[in-house]
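To start, the structure under review is shown below, and the notes come after it.
Protein chains: 2
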Amino acid sequence: MNQPKKTTVATLGEHRIIQIIQNHLTPMLNMPVPFGDDVSAVNLNETLAAVLKTDMLVAKTDVPEEMSLFQAARKAIVMNVSDFASKGVQPIAALVALGLPKGFTQKNIEDIADGLNAGAQEYGAYIIGGDTSEASDLIISISLYGTAQKPTLMLRSGAKPGDILAVTGLFGKSAAGLRFLLGDCSASKNAKTLIDAVLTPKARLYEGLALSGCGGVSASMDSSDGLAWTLHELARLSNVGFELTEVPIAPEVKRFAELNGLEPSELALFGGEEYELVVTVKPEKWEATVAAVEAVGGQLLPIGKATEQKQILLKTKDKLLAIEARGWEHFKSQP
Amino acid sequence: MNQPKKTTVATLGEHRIIQIIQNHLTPMLNMPVPFGDDVSAVNLNETLAAVLKTDMLVAKTDVPEEMSLFQAARKAIVMNVSDFASKGVQPIAALVALGLPKGFTQKNIEDIADGLNAGAQEYGAYIIGGDTSEASDLIISISLYGTAQKPTLMLRSGAKPGDILAVTGLFGKSAAGLRFLLGDCSASKNAKTLIDAVLTPKARLYEGLALSGCGGVSASMDSSDGLAWTLHELARLSNVGFELTEVPIAPEVKRFAELNGLEPSELALFGGEEYELVVTVKPEKWEATVAAVEAVGGQLLPIGKATEQKQILLKTKDKLLAIEARGWEHFKSQP
Numbered sequence: 204m205n206q207p208k209k210t211t212v213a214t215l216g217e218h219r220i221i222q223i224i225q226n227h228l229t230p231m232l233n234m235p236v237p238f239g240d241d242v243s244a245v246n247l248n249e250t251l252a253a254v255l256k257t258d259m260l261v262a263k264t265d266v267p268e269e270m271s272l273f274q275a276a277r278k279a280i281v282m283n284v285s286d287f288a289s290k291g292v293q294p295i296a297a298l299v300a301l302g303l304p305k306g307f308t309q310k311n312i313e314d315i316a317d318g319l320n321a322g323a324q325e326y327g328a329y330i331i332g333g334d335t336s337e338a339s340d341l342i343i344s345i346s347l348y349g350t351a352q353k354p355t356l357m358l359r360s361g362a363k364p365g366d367i368l369a370v371t372g373l374f375g376k377s378a379a380g381l382r383f384l385l386g387d388c389s390a391s392k393n394a395k396t397l398i399d400a401v402l403t404p405k406a407r408l409y410e411g412l413a414l415s416g417c418g419g420v421s422a423s424m425d426s427s428d429g430l431a432w433t434l435h436e437l438a439r440l441s442n443v444g445f446e447l448t449e450v451p452i453a454p455e456v457k458r459f460a461e462l463n464g465l466e467p468s469e470l471a472l473f474g475g476e477e478y479e480l481v482v483t484v485k486p487e488k489w490e491a492t493v494a495a496v497e498a499v500g501g502q503l504l505p506i507g508k509a510t511e512q513k514q515i516l517l518k519t520k521d522k523l524l525a526i527e528a529r530g531w532e533h534f535k536s537q538p
Numbered sequence: 204m205n206q207p208k209k210t211t212v213a214t215l216g217e218h219r220i221i222q223i224i225q226n227h228l229t230p231m232l233n234m235p236v237p238f239g240d241d242v243s244a245v246n247l248n249e250t251l252a253a254v255l256k257t258d259m260l261v262a263k264t265d266v267p268e269e270m271s272l273f274q275a276a277r278k279a280i281v282m283n284v285s286d287f288a289s290k291g292v293q294p295i296a297a298l299v300a301l302g303l304p305k306g307f308t309q310k311n312i313e314d315i316a317d318g319l320n321a322g323a324q325e326y327g328a329y330i331i332g333g334d335t336s337e338a339s340d341l342i343i344s345i346s347l348y349g350t351a352q353k354p355t356l357m358l359r360s361g362a363k364p365g366d367i368l369a370v371t372g373l374f375g376k377s378a379a380g381l382r383f384l385l386g387d388c389s390a391s392k393n394a395k396t397l398i399d400a401v402l403t404p405k406a407r408l409y410e411g412l413a414l415s416g417c418g419g420v421s422a423s424m425d426s427s428d429g430l431a432w433t434l435h436e437l438a439r440l441s442n443v444g445f446e447l448t449e450v451p452i453a454p455e456v457k458r459f460a461e462l463n464g465l466e467p468s469e470l471a472l473f474g475g476e477e478y479e480l481v482v483t484v485k486p487e488k489w490e491a492t493v494a495a496v497e498a499v500g501g502q503l504l505p506i507g508k509a510t511e512q513k514q515i516l517l518k519t520k521d522k523l524l525a526i527e528a529r530g531w532e533h534f535k536s537q538p
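These protein sequence lines map, in sequence, to chains U and S.
First residue of the first sequence: 204, per the working numbering; consecutive thereafter.
First residue of the second sequence: 204, per the working numbering; consecutive thereafter.
Right, dumping it as structure tokens:
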């Protein structure tokens, strides 16, 4: 008889691991945000919830060689703020658990502290506490805290057929930038834009707060696991499908793809580590929603609509292409 | 000219590292709990605060070989609950950021999830979310959340000369247990008690809630960095000293020390990884405070008093001995 092959985290992948863990936990009743959404939350009273998020940056997998410690620490904050942004929640305070390799110097610590502080201040939050331990990798584990009026929380699960699918920006820059940094592509004059997308990502917090404030959003998620994966998650949790009229590709990414003989939509759909918001908007609220996002200096780009049919399809001139459920996944993906 | 030697985290030590980081952060105004206390907190309104804590368990330094993954995960929760206990705060929810080595199996993940859940449920809390990443070490970073009426928070800083110094249990068992597990000592019939102290530590949550509820405590801290270090911290932040009439040593530790030719007070004062509460109590409230702790099945043992003189002294038959400010410290200490 064949021995079953041992299942390790590398074969399971991050999504399945989280599922396994969840199956072993006693669920809290009446959670204002379900397990597995971008953030967690606890009821404070009838209308108010405390909102919490933790996300860990591990240098080995999340930090390219060219990224400074300041940038890595700032990114650890941005990753968490992006999840708050996707629910429309202002972060108030962050705690930091640091795992530090033994050879780190005082200057290294100062750079990390400065990056954490810069990230927090950029989004109106404060670092109020933390913990340090010795570890083999540099680990920056952030916990973010805020409060929200429960009806304003934008969950992953509310999209309805006919809702407009939209994004807060164009995709592919961080995937292109990462390829450029890994040294197997050239980028000519777009290099700086692409590298900046990797080293200094931005969370769409002000867009998220504006989206939440105008009441037209039916579902929302951040795109840190990649656009394609995000679409599949929104579809699964909302019990809809999506028909895209276009893949929102940044012009710099189109040029980069052309220069290197790559498929631009591959970079835009399956890249990950990109912090745009992907939302669905009730059609009757579309114009007000766009206006609200533009009022804070952002943009909201329509890319398709939610459908009854439970597939993620891209409409081209003459046919409908299925978009696969692939994306960046810890344990499975290789940077 | 001599080159200055490079200062690394190993020479700085955890306490100095935290100080350096704090110096680089923009402080939040009106924090209900100052930076550097056992927990952090944010005002919710005039009287209520959200209480937050993050503490990271790293297998390499915090998990002896004999500790199972279930026990390690449970301990990660206990470490954080102990800090809540020391402030008198009920934990409500926990988030978990996991760093998992690539070879971990599904069974390993399940054991970790079960240990996390057991730890949370033991203290009335729920795991409501988290994140997983690949890491070289097993890392379990917990964030704990609760709320508290601000006047009930027991800070490190309120001890006054004349206050009674007290502890919720006897010390030295985890230091003795760890030495036994490391294989360089024998323990005869006490082995199980000592090993249990290492593998299945308990947080004094119900004692902490009782202490906070009766209003007699002027300062409080958990003893996870060791009794001696805890006394020095309480003294420094309260601007007092302490005169101890005895070192609270567990009888099993006295026997273990005798059997192995060790100094029992060394194990009790400088061991660390022990989760008792060290508190000061206003003398006029002493009896009510003891009664409150005993009502929840705990004990409160007087071991001395706070003094004007800023030293930590142990009164023996014929002299006063100074207790050094040593303890368990990440980066500096070797398990």
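All C-beta atoms in this analysis are idealised placements derived from N, C-alpha and C, irrespective of residue type, glycine included.
The structure presented is a predicted model; accordingly, all values stated were derived computationally and were not measured.
Item to check | Residue of U:423, U:306, U:340 and U:344 minimising C-alpha distance to residue 319 of chain U | outcome: Against the first sequence, residue 319 of chain U aligns to sequence position 116. Checking every option, the nearest Cα to that of residue 319 of chain U belongs to U:344.
Checklist entry - Which residue from S:276, S:289 and S:392 puts its Cα closest to that of residue 479 of chain S? => result Residue numbering aside, residue 479 of chain S sits at position 276 when the second sequence is read from its first letter. Ranking the options by Cα distance to residue 479 of chain S, first place goes to S:289.
Checklist entry - For residue 204 of chain S, which residues from the same chain have a beta carbon less than 8 Å from its beta carbon, with the 5 sequence-adjacent residues on both sides left out? => result On the second sequence, residue 204 of chain S is found 1 positions in, with the first residue counted as 1. Low confidence applies to residue 204 of chain S: its pLDDT is 47, below 50, so where it sits in the model is not reliable enough to give any reading.
Checklist entry - Can you give the beta carbon distance from residue 381 of chain S to residue 431 of chain S, rounded, assuming they're within the 8 Å contact cut? => result For this step, residue 381 of chain S is matched to residue 178 along the second sequence. For this step, residue 431 of chain S is matched to residue 228 along the second sequence. 17 Å between Cβ atoms; not a contact.
Item to check | Beta-carbon spacing of residue 367 of chain S, residue 484 of chain S below 8 Å | outcome: Start at 1 with the first residue of the second sequence, and residue 367 of chain S comes out as number 164. Start at 1 with the first residue of the second sequence, and residue 484 of chain S comes out as number 281. Going by C-beta atoms, residue 367 of chain S is nearer than 8 Å to residue 484 of chain S.
Item to check | Cut-off 7 Å between Cβ atoms - residues of its own chain near residue 332 of chain U, not counting five sequence neighbours on either side | outcome: Position 129 of the first sequence, counted from the first residue, corresponds to residue 332 of chain U. Closer than 7 Å at the Cβ level, and outside the excluded window around residue 332 of chain U, lie 298.
Item to check | Cβ-Cβ separation, residue 373 of chain U to residue 451 of chain U (assumed contact under 8 Å), whole Å | outcome: Looking up residue 451 of chain U in the first sequence gives position 248. Looking up residue 373 of chain U in the first sequence gives position 170. Rounded, the Cβ-Cβ distance is 5 Å, consistent with contact.
Checklist entry - Using a C-beta to C-beta distance shorter than 7 Å, which residues of chain U count as neighbours of residue 306 of chain S? => result Along the second sequence, one-based indexing puts residue 306 of chain S at 103. Result: 211.
Next on the checklist: If you reduce the DSSP assignment to three classes, tell me which class residue 274 of chain U lands in.
Outcome noted: Locating residue 274 of chain U in the first sequence gives position 71, counting from the first residue. DSSP places residue 274 of chain U in helix when its eight states are reduced to three.
Item to check | Chain-ordered chain U contacts of residue 329 of chain S [CB-CB under 8 Å] | outcome: Taking the second sequence and counting its residues from 1, the one referred to as residue 329 of chain S is at position 126. Residues of chain U passing the Cβ test: 228, 229, 230 and 231.
Item to check | Sequence ranges, alpha helix (DSSP H) only - wholly within the stretch 329-414 of chain S, length at least 4 | outcome: 376-384 and 394-402
Checklist entry - Taking all protein chains shown into account, do 16 or more other C-beta atoms lie within 10 angstroms of the C-beta of residue 222 of chain U, making it buried, or fewer, making it exposed? => result Position 19 of the first sequence holds residue 222 of chain U. Residue 222 of chain U is exposed by the Cβ-count criterion.
Checklist entry - Out of S:384, S:413, S:394 and S:518, which has the shortest C-alpha to C-alpha gap to residue 498 of chain S? => result Residue numbering aside, residue 498 of chain S sits at position 295 when the second sequence is read from its first letter. The candidate whose alpha carbon is nearest that of residue 498 of chain S is S:413.
Checklist entry - Just checking my contact of residue 236 of chain U with residue 356 of chain U at CB under 8 Å: how many whole Å lie between their CB atoms? => result Within the first sequence, residue 236 of chain U is the residue found at index 33, counting from 1. Within the first sequence, residue 356 of chain U is the residue found at index 153, counting from 1. Sure, about 6 Å apart at Cβ, within 8 Å.
Checklist entry - When we look at the beta-carbon of residue 467 of chain S and count the other beta-carbons within 10 Å, is it buried (16 or more) or exposed? => result The residue given as residue 467 of chain S occupies position 264 in the second sequence. Counting Cβ neighbours within 10 Å, residue 467 of chain S comes out buried, since at least 16 surround it.
Checklist entry - Closest by CA to residue 506 of chain S, which one among S:371, S:528 and S:399? => result Translated into positions along the second sequence, residue 506 of chain S becomes position 303. Ranking the options by Cα distance to residue 506 of chain S, first place goes to S:371.
Next on the checklist: Out of U:424, U:317 and U:228, which one is the CA nearest neighbour of residue 411 of chain U?
Outcome noted: As a first step, residue 411 of chain U is located in the first sequence; it is residue number 208 there, counting from the start. Looking at the Cα atoms, U:424 is the closest of the given residues.
Checklist entry - Using 8 Å as the threshold, is the stretch 332-341 of chain S in touch with the stretch 259-266 of chain U, meaning 3 or more CB pairs across them? => result yes
Item to check | Terminal residues of the alpha helix (DSSP H) in which residue 263 of chain S lies | outcome: Translated into positions along the second sequence, residue 263 of chain S becomes position 60. 262-265 is the span of the alpha helix (DSSP H), which, as asked, contains residue 263 of chain S.
Next on the checklist: When you compare the CB of residue 293 of chain U with every CB in chain S, is at least one pair closer than 8 Å?
Outcome noted: By one-based count along the first sequence, residue 293 of chain U stands at place 90. No, because no Cβ of chain S sits closer than 8 Å to the Cβ of residue 293 of chain U.
Checklist entry - Using a beta-carbon distance below 8 Å, is residue 530 of chain U in contact with chain A? => result Of the protein chains in the structure, U and S, none is chain A.
Checklist entry - Name the chain S residues that come within less than 9 Å of residue 428 of chain U, Cβ to Cβ? => result Counting from 1 along the first sequence, the entry for residue 428 of chain U is found at position 225. Per Cβ cutoff of 9 Å: no residues; residue 428 of chain U is ~12 Å from chain S at best.
Item to check | chain S within 8 Å of residue 450 of chain U, Cβ atoms only | outcome: Here residue 450 of chain U refers to the residue found at position 247 of the first sequence. No, because no Cβ of chain S sits closer than 8 Å to the Cβ of residue 450 of chain U.
Next on the checklist: So if I threshold CB-CB distances at 8 Å, which residues from the stretch 327-355 of chain U count as touching chain S?
Outcome noted: 329, 330, 331, 332, 333, 334, 335, 336, 337, 338, 339, 340, 342, 344, 346, 348 and 350
Next on the checklist: Under 8 Å, Cβ to Cβ, is there at least one residue of chain S near residue 317 of chain U?
Outcome noted: In the first sequence, counting from the first residue as 1, residue 317 of chain U sits at position 114. True, the Cβ-Cβ gap to chain S drops below 8 Å.
Checklist entry - Is the Cβ of residue 215 of chain U closer than 8 Å to any Cβ of chain S? => result Position 12 of the first sequence, counted from the start, is the residue given in the question as residue 215 of chain U. True, the Cβ-Cβ gap to chain S drops below 8 Å.
Checklist entry - Roughly how many whole angstroms lie between the Cα atoms of residue 213 of chain S and residue 273 of chain U? => result For the purposes of this step, residue 213 of chain S is taken as the residue at position 10 of the second sequence. For the purposes of this step, residue 273 of chain U is taken as the residue at position 70 of the first sequence. Their Cα atoms are separated by approximately 21 Å.
Checklist entry - DSSP beta-bridge partners for residue 246 of chain U? => result Taking the first residue of the first sequence as 1, we reach residue 246 of chain U at position 43. Beta-bridge pairing links residue 246 of chain U to U:252.
Item to check | Assigned secondary structure, residue 492 of chain S (DSSP; H/G/I helix, E/B strand, else coil) | outcome: As a working mapping, residue 492 of chain S is identified with position 289 in the second sequence. The answer is helix: DSSP assigns residue 492 of chain S an H, G or I state.
Item to check | Span separating the alpha-carbon of residue 327 of chain S from that of residue 234 of chain U | outcome: Against the second sequence, residue 327 of chain S aligns to sequence position 124. Against the first sequence, residue 234 of chain U aligns to sequence position 31. Distance between the alpha carbons of residue 327 of chain S and residue 234 of chain U: 16 Å.
Checklist entry - In terms of residues, what are the limits of the beta strand (DSSP E) holding residue 507 of chain S? => result Locating residue 507 of chain S in the second sequence gives position 304, counting from the first residue. Its beta strand (DSSP E) spans residues 504-510.
Checklist entry - Given that residue 296 of chain U touches chain S, what residues does it touch there, using C-beta distances under 8 Å? => result Indexing the first sequence from 1 puts residue 296 of chain U at position 93. Under the 8 Å cutoff, chain S gives 231, 243, 245 and 255.
Next on the checklist: Give me, in chain order, the residues of the same chain whose beta-carbon lies closer than 6 Å to that of residue 538 of chain S; leave out the 5 immediate sequence neighbours on both sides.
Outcome noted: Numbered from 1 along the second sequence, position 335 holds the residue referred to as residue 538 of chain S. With a pLDDT of 45 at residue 538 of chain S, under the threshold of 50, the modelled position of this residue cannot be trusted; read the value that follows with caution. If we look at residue 538 of chain S and ignore the five residues flanking it on each side, it has no Cβ neighbours.
Item to check | Any alpha helix (DSSP H) of 4 or more consecutive residues that is wholly inside the stretch 409-478 of chain S | outcome: 430-441, 454-463 and 467-473
Checklist entry - Where does residue 259 of chain U fall in DSSP's three states? => result Position 56 of the first sequence, counted from the start, is the residue given in the question as residue 259 of chain U. Strand, per DSSP.
Item to check | CB contact below 8 Å: residue 433 of chain U versus chain S | outcome: Within the first sequence, residue 433 of chain U is the residue found at index 230, counting from 1. It does not: the Cβ of residue 433 of chain U has no partner Cβ on chain S nearer than 8 Å.
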